[in-house]
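I have placed the structure first, in the form of structure tokens, so that the comments after it can refer back to it.
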Amino acid sequence: MTTIAALLADKAAERPDAPLFLLPASVQAMWGAKAQWSYGEVQAEVARLASDFAAAGYGPGHRVALLLENRPEHFLHWLALNRLGVSAVPLNPDGSAEEFGYVLGHSGAVLAIALEARAGHVRTAAAPLGLPVIGPGEVPPPAPAAPGGQTGEEAEAALVYTSGTTGKPKGCILSNLYFLNWGRWYAAQGGAISLRPWAERLMTPLPAFHVNASGHSFMGMLTTGGAQVIVDRFHPRNWWHEAAETGATCFHYLGVMPAILLELPEGPEDRAHGLRFGLGGGVHPDHHAAFEARYGVPLLEGWAMTETGGACVLCAWEEPRVLGSRCIGNPARPGPAMEARVVDDTGTDVPDGTPGELWVRASGDDPRRGLFSGYLKNPEATAEAWAGGWFHTGDVVIRDAAGRLYFNDRKKNIIRRSGENIAAIEVEGAVASCAGVAQVAVVAMPEPLRGEEVLAVIVPKTGQDEAALAQAVFDRCATQLSYFKVPGVVVFVDSLPTTSTQKLRRADLGALAEAPLAAPRSHDLRARKQGLRARSDQ
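Quick note on our numbering: the sequence shown kicks off at 762 and runs consecutively.
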């Protein structure tokens, strides 16, 4: 198969009555939707939609923006466009008019399809561009002449924008092969994560505008004849009920989800489900074993990026698993063959056990095969990311003697204090374990003597005595971390800046980090920290 739509047609011909989309009752009621779509029903609707688009002149080289939430309509329209060689540009339903304006203008989309309840900001953004906006049930207006372009597996299937934590989002050009590789990787894995043909039901609350739900989850199911269980978003109190109701056999998660589920009161639903595994990333090390013991579901930690896709995805499914270690797997895994290096700032390979940046590429003559095809209209950023023939992930990892990789932190989140490299994520984990902390971001602050100092920016839970909480955070970190990793300054804030996908915008903390002691709710703990050092030297 060379396109996503061709893979659907093949599967629908094989088992037309098998379910491809399943919706729990609460979602059916919310959207007025039916309980399931079979492969045959999806194929028929995709063919109908594709006929309408073709009649209106849509074809290779066109891009169409989609704002259809997590609904089946998102996948139906994407597949129909793919059938014609048209690329989809997914939009975040919670985006602003300004964000939509940038994506619509930068992508060169010729049409936007949006749910009426979400269409206001899209119309505001589309109007100056002269871009038509229609609902999912409307006949598409005539398209401008199709510019043409590649066909088959190298053709662009989607243009997905990064979350823009440090600037304007970059448009990642993603081919049919990019998406097909997600499914091929998933189908090739073994152990707890193995997918049984025509038997799996994967439940994901992650947004369809992101590649995890539209690439990893959906392509895994489409490739193996499974079904995607569609929910609108993560509802912790309904999670186990809906997993049992829909017969879900596996799920995808973000790190915050296990933490929230562990806070639920224990009850009979904890194990009244058929989930075989969860796949995700970022579970807190202290929660990993506790979650598995309580709910009876292994959490398989993995690693991927929008840019790398299924060509270089990792997952720590092989036994023995090292729970709570942030192990993300071994690059010598089944599926599309990949290569990996762990390097220092000069691009020199570091010894096992030493933190370094992860560089990856596809094995073979073409190191970019199956990864993203580049950043739209930004060849400089593309070249920088691929300097030396390897994709520079910006993630710091540690490799062990067996070749397994352990996530350490984002390279930009490393604090360098008096020659010591400190991973912000490690300090954040210690701070977050303190009872009065609701959210935390750890960043570097300038420090004349030591170069940088550890700054913890904390959203406290309601009713906290902040002075006492600052001391409690310090004490907790001092028991869990080396003295130099303990926050030297704590600043309390009402909220942390995040992107539209709820990722922390560390760049927006820059002004605070430059002069944290000028903040009205700051607490300077550096004298106490020096006391810790004195004791550690004794």
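By construction, the Cβ of each residue, glycine as well, lies at the ideal position given by its N, Cα and C atoms.
Within its own chain, the residues whose Cβ lies closer than 7 Å to the Cβ of Thr1259, once the five positions on either side in sequence are excluded, are Leu1265 and Arg1266, listed in chain order. Counting C-beta pairs with one atom in each stretch, the segment 1236 to 1243 and the segment 1182 to 1199 have three or more that are closer than 8 Å, which means they touch.
In the DSSP assignment, the residues bridged to Trp1120 are Arg1102 and His1153.
With the rule of 3 Cβ pairs closer than 8 Å, the segment 988 to 1007 counts as touching the segment 782 to 802. Spatial neighbours of Leu1166 in its own chain (CB-CB distance under 6 Å, excluding positions within 5 residues in sequence) are listed in chain order as Ile1089, Val1158 and Arg1160. By the Cβ neighbour-count rule, Ser868 is buried, with 16 or more other Cβ atoms within 10 Å of its own. At least 8 Å separates the beta-carbon of Trp946 from that of Gly1108.
With a 10 Å radius around the Cβ and a threshold of 16 neighbouring Cβ atoms, Asn1182 comes out exposed. Residue pairing for Met1206: DSSP places it in a beta bridge opposite Glu1214. In terms of Cβ geometry, Pro1019 and Phe995 do not form a close pair [threshold 8 Å]. Secondary structure at Phe940: helix, using DSSP grouped into helix, strand and coil.
Leu963 and Val1058 have their C-alpha atoms some 14 Å from each other.
Per DSSP, reduced to three states, the secondary structure at Met762 is coil, with no helix or strand assignment. Bridge pairing for Asp1110: Val1104 [DSSP]. With the rule of 3 Cβ pairs closer than 8 Å, the segment 1088 to 1102 does not count as touching the segment 1184 to 1193.
Relative to Ala1033, the option among Gly1085, Ala1004 and His1013 whose CA is nearest is Ala1004. Only residues of its own chain outside the window of five on either side were considered, and among them Ala817 and Gly818 have a CB closer than 8 Å to the CB of Pro903, listed in chain order.
When DSSP reads this structure, Phe782 sits in a beta bridge with Trp798 and Gln989. A straight line joining the alpha-carbon of Gly976 with that of Phe1133 spans about 12 Å. Around the beta carbon of Ser1256, a 10 Å sphere encloses fewer than 16 other beta carbons of the protein chains shown; the residue is thus reported as exposed. Taking a cut-off of 8 Å for Cβ pairs, the segment 765 to 784 and the segment 979 to 986 touch, as three or more such pairs fall below it.
The C-alpha of Val1251 lies about 12 Å from the C-alpha of Lys1290.
Relative to the Cα of His1049, the nearest Cα in the group Val1017, Leu827, Glu802 and Gly1164 belongs to Val1017. When beta bridges are read from the DSSP output, Met964 appears opposite Val990 and Phe1012. Taking 8 Å as the cut-off, the beta carbon of Ile895 is found no closer than this to the beta carbon of Leu829. Just so you know, the alpha carbons of Gly891 and Ala880 end up roughly 15 Å apart. Cβ-Cβ separation between Ala888 and Leu865: approximately 10 Å, too far for a contact (criterion under 8 Å). In the three-state reduction of the DSSP assignment, Thr1259 falls in the strand class. Counting along the chain, Ile1021 sits inside the alpha helix (DSSP H) bounded by residues Val1017 to Leu1023. By the beta-carbon neighbour count (other beta carbons within 10 angstroms, threshold 16), Glu802 is buried.
Annotation: the continuous alpha helix (DSSP H) that includes Asp1236 extends over Glu1227 to Gln1241. In the three-state DSSP reduction, Asn973 falls in the helix class (H, G or I).
Looking at the DSSP output, Pro958 shares a beta bridge with no other residue. A buried status is given to Glu914, since no fewer than 16 other beta-carbon atoms sit within 10 Å of its beta-carbon. Using a Cβ-Cβ distance cut-off of 8 Å, the segment 803 to 810 and the segment 830 to 838 are in contact, since at least three pairs of beta carbons, one from each stretch, lie closer than that value.
The beta carbon of Ile1021 sits closer than 7 Å to those of Pro997, all from its chain and outside the five residues before and after it, given in chain order.
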